[in-house]
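Asker: Take a look at the following structure, please.
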């Protein structure tokens, strides 16, 4: 997946979360982000990565997002690994 597609998937996820009355507040509470942070974050690849990190914590959330947006079920995680901060850490 290229970076443009990854950002598109993440922006779709951000919009879906912002409009989701049940999950949006959970995202805000768990990240400490504000509604203004969400608006500004749409242009920040690191923030978009955090959106996908949150979304991919639960298969039911991924399924609901993908069903609502037409995004492939594998794309949120692939997008997450394309955006900054998902590099594998080698401890040895």
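Numbering (the working numbering), first residue to last: 309 to 400.
Backbone N, C-alpha and C define an ideal beta-carbon position, used for all residues, glycine too.
This one's a predicted model, so the numbers in the text were calculated from it and none came from an experiment.
In or out: residue 348 buried (at least 16 other Cβ within 10 Å) or exposed?
Answerer: The sequence position of residue 348 within the chain shown is 40, counting from 1. So residue 348 ends up on the exposed side.
Asker: Verify whether the separation of the beta carbon atoms of residue 370 and residue 320 is less than 9 Å.
Answerer: The residue you call residue 370 lines up with position 62 of the chain shown. The residue you call residue 320 lines up with position 12 of the chain shown. No. Outside cutoff.
Asker: Quick one: Cα of residue 388 to Cα of residue 365, how far?
Answerer: The count along the chain shown starts at 1 and reaches residue 388 at position 80. The count along the chain shown starts at 1 and reaches residue 365 at position 57. Straight-line Cα distance between these residues: approximately 12 Å.
Asker: With H, G and I counted as helix, E and B as strand and the rest as coil, what does DSSP make of residue 331?
Answerer: Position 23 of the chain shown holds residue 331. Residue state, collapsed to three classes: helix.
Asker: Helix, strand or coil: how does DSSP classify residue 349 here?
Answerer: Working through the chain shown from its first residue, we reach residue 349 at position 41. Note: residue 349 maps to helix in three-state DSSP.
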